[in-house]
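Those sequence lines, one after another, are chains W and D.
Residues in the first sequence are numbered from 0 upward in steps of one, following numbering that gives the first Met the number 0.
Residues in the second sequence are numbered from 0 upward in steps of one, following numbering that gives the first Met the number 0.
Encoded as C-alpha cells, the structure appears first; notes follow it.
2 protein chains.
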Amino acid sequence: MAQIDVHRKPRGLRDRIAFAFVKFLRFFADLFFRKRYGHRAVVLETVAAVPGMVAGLLQHLRSIRRMRDDQGWVKELLDEAENERMHLMTFIQVAQPSLLERGLIMIAQAIFYNFYFFLYLFAPKTAHRVVAYFEEEAVTSYTNYLREIDEGRLENVPAPQIAIDYWDLPANARLREVVLAVREDEAGHRDRNHYFADALIAGDEPKAEATDAPLPVYALRKT
Amino acid sequence: MAQIDVHRKPRGLRDRIAFAFVKFLRFFADLFFRKRYGHRAVVLETVAAVPGMVAGLLQHLRSIRRMRDDQGWVKELLDEAENERMHLMTFIQVAQPSLLERGLIMIAQAIFYNFYFFLYLFAPKTAHRVVAYFEEEAVTSYTNYLREIDEGRLENVPAPQIAIDYWDLPANARLREVVLAVREDEAGHRDRNHYFADALIAGDEPKAEATDAPLPVYALRKT
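Here is the structure:
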C-alpha cells in the first residue's frame, strides 16, 4: 500500500521545470473549479488518462524497433491509463459535467495529447516527472475532497455501481470509500512515475512492478 | 478456435482499396524475403504490432473525450498489439535480423506508424479492414512457413523458451508448434478486425469478445 502524503522535493533543473509546470496548471484548476471537487475530478481524470497511454505507445514502439523485451513495463503504463479512465467513468456518475466542461475536455485533450506526445518523445524523463508531480497534486485534491465530505459540505452519496465492481467495494459503499480508493491509486501512480523517471535518469530500463508484490488496487477489476 | 483458411471477398470501394493496398505491400514483401520465412516474420511482426496500439490509443482518447465506457474494446485492441509484440520476441530467437533488416525496421516503423495513425484518425473502418486483410496474408505466409518445415527445407528447431512460456507449450516443443500457435493468433485477429470494421460500418460500437468465450491463445501468457 502506497504512502498517501508524500512529496518529492524537486532536484535539478529537469525536476524544477516539471514541478513549476504542474503548479502553474494547478493554479488555473483551483481558479476554475474552486470547491467543486466532483467536477474537478471529471475534467482532470480526462487529462490524467493520457500520459500512460502515450508512454505505453512510445515504449511499445521502442521495444519493437529495438527488438528488445520491455519486461512488462508497457503493460503497466497502459494499465495506468485504463485505471485513470475508470476513475473518469466513476466520477461522471457522481458529477455530471456541464456543457462548458464538456467543451473544455475536448480542447484540453487536443492540446494536452499533442503536448505530452512530443514531451515524451523528446524528454521521457521529464515527462514521467511531470506525471509524478501531477499525481502529488491529485492526492492533495482528493484529500481536500474527503474533508469536504467529512465536514458535511458535500453529500456522501452511495458509490456508483461501476466503482463497487471495479474496486470490489461492499454493496453499501459510499462516495467516501470511492475517493479513498482513487486516492490510493493516484499515490501508486505517483510513486511509479517518480521511479520511472529515476530509472531512466540512471540509464536503466524500468521494470514492471514485481509480480509477487501485492496487486495494485486497480488490478482487482473484475473482467 | 478460429478457422484458419478464410478469405473475405472485398465488397464495395472501401474494401477494394484496403485489399489492393495489402496486396501491393505483399508483392514487395514476397520480392524481398522470398522463402526466408523466419526473417519475414521478424520484419513483418514489427509492423503488425502497430495497428492495435494505434487503434487502442485513439479509441481510448475517444472514450475519455466522450466520457463513455468502451465496453472492454480498448483493452482487446491493446492486447492484440501485445500479442504481435510477443510474436516478434519469439521470432528474433529463431531468425536474427540482418543489419539491413534492422535498418528497414526503423524506416518501416517511422512511415507505417504515421500512415496508420492518420488512416485510423480519418477512416477507422478502412483501417480495421486493412488489418484484417493483412492478417489473411499473414495466415497464408505462416502456412507456407509450415510447408517449408514439413518438407524439410527449413529445420524444425526447438521452440524458444519465450514461446514455450507464452503459449504454454510442452517443454520439448519445436518451431512447428510455435508457427501453428502464431498462425492461430493471426486468424483470430483477422476475424476480430473484420468484425470491428463491420460493426463500425453498421454504426455500432464494437464490443470486446464475450468474457465467457474461451480465452484467446495469447491470453494464456504467464505473468
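We put the CB at the ideal spot given by N, CA and C, even for glycine.
* To do: Would you please state the rounded distance, in angstroms, between the beta carbons of Gly-37/D and Ala-94/D? I believe it to be under 8 Å.
  => Going by Cβ atoms, the distance from Gly-37/D to Ala-94/D rounds to 3 Å, so yes, they are a contact pair.
* **Residues from the segment 37–48 of chain D in contact with chain W, defined by Cβ distance under 7 Å** => Against chain W - using a Cβ distance shorter than 7 Å - the residues of the segment 37–48 of chain D are Thr-45, Ala-48.
* To the nearest angstrom, how far is it from the Cα of Ile-3/D to the Cα of Arg-182/D? -> So the two alpha carbons sit approximately 8 Å from each other.
* Asked: Once you ignore the five residues that flank Ala-172/W on each side, which residues in its own chain have a CB closer than 7 Å to its CB?
  -> Contacts found: Ala-158, Ile-163.
* Pick from Ile-63/W, Thr-45/W, Ala-137/W that is closest to Val-21/W, judged by C-alpha positions -> Of Ile-63/W, Thr-45/W, Ala-137/W, the residue nearest in Cα terms is Ala-137/W.
* Paired residues, beta bridge with Pro-157/W - DSSP -> Arg-173/W, per the DSSP bridge assignment.
* Check whether Phe-111/W and Val-41/W have beta carbons under 8 Å apart -> Using a Cβ distance threshold of 8 Å, Phe-111/W and Val-41/W do not count as a contacting pair.
* **Residue-chain proximity (Lys-8/W, chain D), Cβ-Cβ < 8 Å** => No Cβ of chain D is located within less than 8 Å of the beta carbon of Lys-8/W.
* Asked: Which one of Ala-17/D, Leu-77/D, Gly-202/D, Val-177/D has the shortest CA to CA distance from His-240/D?
  -> Since the displayed chain D opens at 0 and closes at 222, residue 240/D lies outside it and no answer follows.
* If you draw a straight line from the alpha carbon of Arg-64/D to that of Ala-107/W, how long is it in whole angstroms? -> For Arg-64/D and Ala-107/W, the distance between alpha carbons rounds to 9 Å.
* Listing by chain order, which chain W residues have their CB less than 8 Å from the CB of Tyr-112/D? -> Leu-60, listed in chain order.
* For Leu-145/D, which option in Ala-28/D, Val-178/D, Val-130/D, Ala-170/D has the closest C-alpha, if you only look at C-alpha atoms? -> The option with the nearest alpha carbon to Leu-145/D is Val-178/D.
* **Residue-level contact to chain W via CB, Ile-63/D, 8 Å cutoff** => At a cut-off of 8 Å between C-beta atoms, Ile-63/D counts as an interface residue with respect to chain W.
* Asked: Going along chain W in order, which residues have a C-beta closer than 7 Å to the C-beta of Arg-191/D?
  -> Chain W residues near Arg-191/D: none, gap ~17 Å exceeds 7 Å.
* Helix, strand or coil at Asp-69/W [DSSP, three-state] -> Coil.
* Return the chain-ordered list of same chain residues with a C-beta closer than 6 Å to the C-beta of Glu-134/W, the five sequence neighbours on each side being excluded. => Closer than 6 Å at the Cβ level, and outside the excluded window around Glu-134/W, lie Glu-185, His-188, Arg-189.
* To do: Give a yes or no on whether the minimum CB-CB distance between Asp-68/W and chain D is below 8 Å.
  => Yes, contact with chain D.
* Any C-beta of chain D sitting closer than 8 Å to the C-beta of Gln-92/W? -> No - not a single Cβ of chain D is within 8 Å of the one on Gln-92/W.
* Closer than 7 Å by C-beta to Arg-13/D: which residues in its own chain qualify, once you throw out the five before and the five after it? Chain order, please. => The answer, listed in chain order, is Lys-124, Thr-125, Arg-128.
* Could you check what DSSP says for Glu-204/D in three-state terms: helix, strand or coil? => Here Glu-204/D sits in coil by DSSP.
* As assigned by DSSP and simplified to three states, the class of Gly-51/D -> DSSP, reduced to helix, strand and coil, places Gly-51/D within a helical segment of the structure shown.
* Asked: Got a sec: is the Cβ-Cβ distance from Leu-87/D to anything in chain W below 8 Å?
  -> With a threshold of 8 Å between beta carbons, Leu-87/D makes contact with chain W.
* Other residues of its chain near Pro-213/D: CB distance less than 6 Å, five sequence neighbours each side excluded -> Confidence in Pro-213/D is poor, its pLDDT being 42 and thus under 50, which makes the residue's placement too unreliable to answer from.
* Ile-16/W: first and last residue of the uninterrupted alpha helix (DSSP H) it sits in -> Note, Ile-16/W: alpha helix (DSSP H), 11–32.
* Give a yes or no on whether the minimum CB-CB distance between Ile-163/D and chain W is below 8 Å. => In terms of beta-carbon proximity, Ile-163/D stays away from the interface with chain W, with every pair separated by 8 Å or more.
* Does Leu-56/W come within less than 8 Å of chain D when only Cβ atoms are used? -> Yes, Leu-56/W counts as interfacial toward chain D.
* Nearest-angstrom beta carbon gap, Leu-174/W and Asn-155/W [assumed within contact, 8 Å] -> With 8 Å as the limit, Asn-155/W and Leu-174/W qualify as a contact, their Cβ atoms being about 5 Å apart.
* What's the call for Val-73/D, buried or exposed, on a 16-neighbour Cβ count within 10 Å? -> Burial call: buried.
* Asked: Going by beta carbon distance, what residues of the same chain come within less than 6 Å of Ala-196/W, once the five residues before and after it are set aside?
  -> Result list for Ala-196/W: Lys-124, His-127, Arg-128, in chain order.
* Asked: Using a Cβ-Cβ distance under 8 Å, would Gln-108/W count as near chain D?
  -> It does; some Cβ of chain D falls within 8 Å.
* To do: Going by CA-CA distance only, name the one from Phe-90/W, Ser-97/W, Val-49/W, Glu-176/W that's closest to Asn-113/W.
  => Relative to the Cα of Asn-113/W, the nearest Cα in the group Phe-90/W, Ser-97/W, Val-49/W, Glu-176/W belongs to Val-49/W.
* In this structure, does DSSP put Ile-63/W in helix, strand or coil? -> Note: Ile-63/W maps to helix in three-state DSSP.
* Which listed residue (Ala-207/D, Gln-58/D, Ile-200/D, Phe-31/D) has its alpha carbon closest to that of Gly-11/D -> Relative to the Cα of Gly-11/D, the nearest Cα in the group Ala-207/D, Gln-58/D, Ile-200/D, Phe-31/D belongs to Ile-200/D.
* For Arg-84/W, return the contacting residues in chain D, with the cut-off set at a CB-CB distance below 9 Å. => By Cβ distance, chain D contributes His-59, Ser-62, Ile-63, Asp-68, Asp-69, Val-73.
* Asked: How is Leu-199/D classed by DSSP in three states: helix, strand or coil?
  -> Secondary structure at Leu-199/D: helix, using DSSP grouped into helix, strand and coil.
* Tell me whether the beta-carbon of Lys-206/W lies closer than 8 Å to the beta-carbon of Gln-58/W. => Not closer than 8 Å, so no.
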